[in-house]
Structure formats: C-alpha cells, structure tokens
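Student:
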Amino acid sequence: MARNKLVQEYVLITSMNFPSGGAGASYLNLFCRGLKSNGCKISVLLLKGYAFGNFSPNESRKNITSEGIPYTYLGLRKRPENQFLKLLDEFLSISRLIIYLASLLKNRHSVSLLVFNSEIQYNLPIFLITKPLGIKVFKFVAEIIDKSEFKGSFLRQIKRYGHLFNFRYLNRTSDKMILFSYYLKDLYLQMGYLEENIFVQPNLTDFEYWKPVATKIKYTLGYSGAPYQKDGLSDLFRAMSMLNGDLSNISLLVIGDAPFGKSLIPDLRLECERLGLSGKVTFTGLVQSSKVKHYLSECEILTITRPSTIQTQAGFPTKLGEYFASGKPILATDFGDMGRYFKNGSEIVMAECGNPQSIANKLHWMLQNRNELELISKNGFERAKKLLEYRSSVTKIHNFLSLS
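-19 is the number of the first residue of the sequence shown in the working numbering; add one for each residue after it.
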C-alpha cells in the first residue's frame, strides 16, 4: 500500500501587511503563493495590524486569501497611532505569539517557521521558545535600516539597538536565511554564518499581473513607491532641472507616498517649486497596486535613482521587477547588486549614484535615442523574468529549505 506523501507545512510570521498594502506585502503574498503551488501548506500570522494610508482592512481577525492562504492578526486589525493602543496592540500580539509557539510542542518536527520581521520584541520570544523545542526557523533579511530612520526620541534609539541585536545575533540563530543581496551575504559570512545555509533571492515579481495596460502615454518619466530620501527622488528632480531646450519640457509622475504616518508629498512639492519643476511633476498619493499598474503604463520611461547607502546596497527594490514586467525602458543608478544582475546599455540604462549630472546625461541620451530603447526594454524584460519570476524563484527557495 502506498504511503501518503508528507506535505511540508510552513507558518509565516511577519510584521508586514498581508496579502496587500505595499512592497513587503506584495513580496510575501507571492512567496506564499509560490509555496502553495509547490504543494506546501502555508499560513500567515500577522504581528501588526494593517497600515496603508487611509485604506482600512474590511475583514475579521482570521481570514483567507483568494488563493486559499489563511492569515490571522495576532493583535489589532488596524495598526493604531495612539500610544496606549500601540502598547495594547503589542501586548496582544506578543501574548498570542507565545501561546501559538508553545502550542507547536506536539508537531514541532512537522512545522517550520518563516520569519519576516526585524523587531526584537517579537524575535526574542521566537528564539527563546523554538530553540529548546527544536523547531526549524528560516529568516528573511531584506535590508539594513539606516540609523537615520531611528532619529528622535530615546525610545527610537532603543529600537535601533534592538534592530542591531536582531540583525547581528538573533538572525544568526536561524537554521537558514533568505537574503535580498550579496552585500548581506558577505556580511553574514564575515560573522561566521555558513554559506550553505544562505540563499540570495533579490525579490519576486508576478510578470503576468504587471503586464502593461493599453493606454496613452501621458508622462515622460515615472517613479513608483514610497518616496523616502533613500529612494533618490531629489537627485532625479535636480537632473530634470538641468535639462535644456526641448528636453526641459519632460514630465514626471510620482506614484505613491509613505504607507503609514505623515505624508512625504508636501516637502517634495516644495523641493519641486525651488527647482522650477512645479508644473512638471505630478503626485498621485498612495494608491492600490491595480492603479499603480495603470499609472506605470502611462509613463514612457521608468526611473529608480537611489543613492549608494548601506540601506540601498543591502536591499533590492520590489518596484524594479514591476518596472521590467511592464516592458518599459528603465533608468536606474548603479546601487547595490544592479551591476551584478543587469548589463548597462543593453538591458537597462544606469547612471552614477548620487550624481544628478550623470542622471541628466543618461536621460538626455534616452530621449535622443528612443529607437534604441525598445531593444533595451526587451532584453531587460527577459533577464528580469529569469531572475525574479516568482513561481520558478520560490521553487528554488523551497528546494533549498527542504534540504536537511
């Protein structure tokens, strides 16, 4: 009599939104869908409530996606801004997390945990409970958060040290790690983590979903994502202000805003005014992915002009895969692993990081050589699909995690 094939069960624990609501949510949704297509059982525990602008989750504490992936909020369903409610939310989430981890005692050898979170108050209980029980823990490390992100109160400084402790010590206690860059891989190898337990996958993209929409081109340039300082919009603005003659009439569409807290757009508008770009830059504000796809289709060239910082070297932007999937030519700066993956001039057009003049020169070339951009776009699409397509990429990761 044939034995039933053992189904691998994973539980993803994350502080990101899920299944939608920003880059992290998009990545994790694709990752879970990829595992499910590989015959795995996957469910998601959310450490924090939903936070994506003014959009509110119209759902209960326990839910299931359209692809059949269950997900549960351990704390409040909507992430609070009130300090008391934040503490209550964290208390509920940590308490329920501990109860869940303790419940794994009986099936600790059949369930593996996937952890996408960098906050010590959640990762410390995971470490303290899973290690004695012998539960396998696989961690995602997507970036290094720059110290400037923790400026302000004493509590924010405490959070920074917690983040560093998690990055340098707790992550290394995991059985295996999925890293977003070779920069991160080199760091963990220097810290003594075994290379055989590291898998580098820059990001994931659903190429079918991000196919371009048939629509009229309205903007010369497009940018998509939260426009933080690390994303380099200031350099792009300055590059635009350097263009003369007919090229000075180019327009830019900025798609997105900070997903939580204060809007970034008012300060960006002031910067555009100082540079004389007020009538040339349009801001959409925060929108859902279905609208992002439509907006990208209205742009001739898509841009990502990040500076070279520790944070940009360590990560790999979700938006880049979406750009390539849209079939548009891309202007990028040479941050992180860009040069490792893509050929400048044949798959993508790259300028120097932190150099507005270099960005302006590349923009000038692209606008003067539009006939060459179609081939560059096609080559970039093919290269990115091999690298980032979520089904084949998650199959490789699943095989890596399944190795004893």
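Built from N, CA and C at the ideal position, the CB exists for glycine as well.
Would you kindly work out how many angstroms separate the C-alpha atoms of P182 and K365, rounded to a whole number?
Tutor: Near 12 Å, if we compare the C-alpha coordinates of K365 and P182.
Student: Which residue wins for smallest C-alpha separation from F11, given the options I49, A31, P239?
Tutor: Ranking the options by Cα distance to F11, first place goes to I49.
Student: For the beta strand (DSSP E) that T298 lies in, which residues bound it at each end?
Tutor: Counting along the chain, T298 falls outside any beta strand (DSSP E), though it belongs to the alpha helix (DSSP H) covering 298 to 305.
Student: Whose CA, out of N9, Y199, N229, N177, lies closest to the CA of V117?
Tutor: Of the candidates N9, Y199, N229, N177, the one whose C-alpha sits nearest the C-alpha of V117 is N177.
Student: Pull the bridge partners of V272 from the DSSP assignment, please.
Tutor: V272 is not bridged to any residue.
Student: Less than 6 Å between C-beta atoms, sequence neighbours within five positions excluded: which residues of the same chain meet that for A(-18)?
Tutor: Unreliable positioning characterises A(-18) in this predicted model, as indicated by a pLDDT of 41, which lies under 50. A coordinate reading is not provided.
Student: Which term fits P336, buried or exposed, when burial requires 16 or more other beta carbons within 10 angstroms of its beta carbon?
Tutor: When all chains shown are included, P336 counts as buried.
Student: Using a 10 Å radius around the Cβ and a threshold of 16 neighbouring Cβ atoms, would you call P246 buried or exposed?
Tutor: Classification of P246: exposed, given that the 10 Å Cβ count is below 16.
Student: N(-16) to F96, Cα distance in whole Å?
Tutor: Caution is warranted here: a pLDDT of 46 is assigned to N(-16), below 50, making its placement in the model unreliable, and the coordinate value is therefore given only provisionally. For N(-16) and F96, the distance between alpha carbons rounds to 31 Å.
Student: Taking the Cβ atom as the reference point for each residue, do G307 and S357 lie within a distance shorter than 7 Å?
Tutor: Cβ atoms of G307 and S357: closer than 7 Å.
Student: Using the Cα positions of R350 and L311, report the straight-line distance between them to the nearest angstrom.
Tutor: In a straight line, the C-alpha of R350 is about 13 Å away from that of L311.
Student: Mark P297 as exposed unless 16 or more other C-beta atoms lie within 10 angstroms of its C-beta, in which case mark it buried.
Tutor: So P297 ends up on the buried side.
Student: Can you find the residues in the same chain that come closer than 7 Å, C-beta to C-beta, to A82, ignoring five residues on each side of it along the sequence?
Tutor: Closer than 7 Å at Cβ, skipping near neighbours: I109.
Student: Extract the residue ranges of the beta strand (DSSP E) inside the segment 243 to 291, only unbroken runs of 3 or more that lie entirely within it.
Tutor: The segment 243 to 291 contains these whole beta strand (DSSP E) runs: 261 to 265, 279 to 284.
Student: Could you check the C-alpha separation between I230 and C279 for me, to the nearest Å?
Tutor: So the two alpha carbons sit approximately 11 Å from each other.
Student: Which two residues bound the contiguous beta strand (DSSP E) that contains P112?
Tutor: Segment 100 to 113 is the alpha helix (DSSP H) holding P112; no beta strand (DSSP E) there.
Student: Nearest-angstrom Cα distance between M386 and D237?
Tutor: Past the edges of the chain, shown from -19 to 384, lies residue 386, and the structure says nothing about it.
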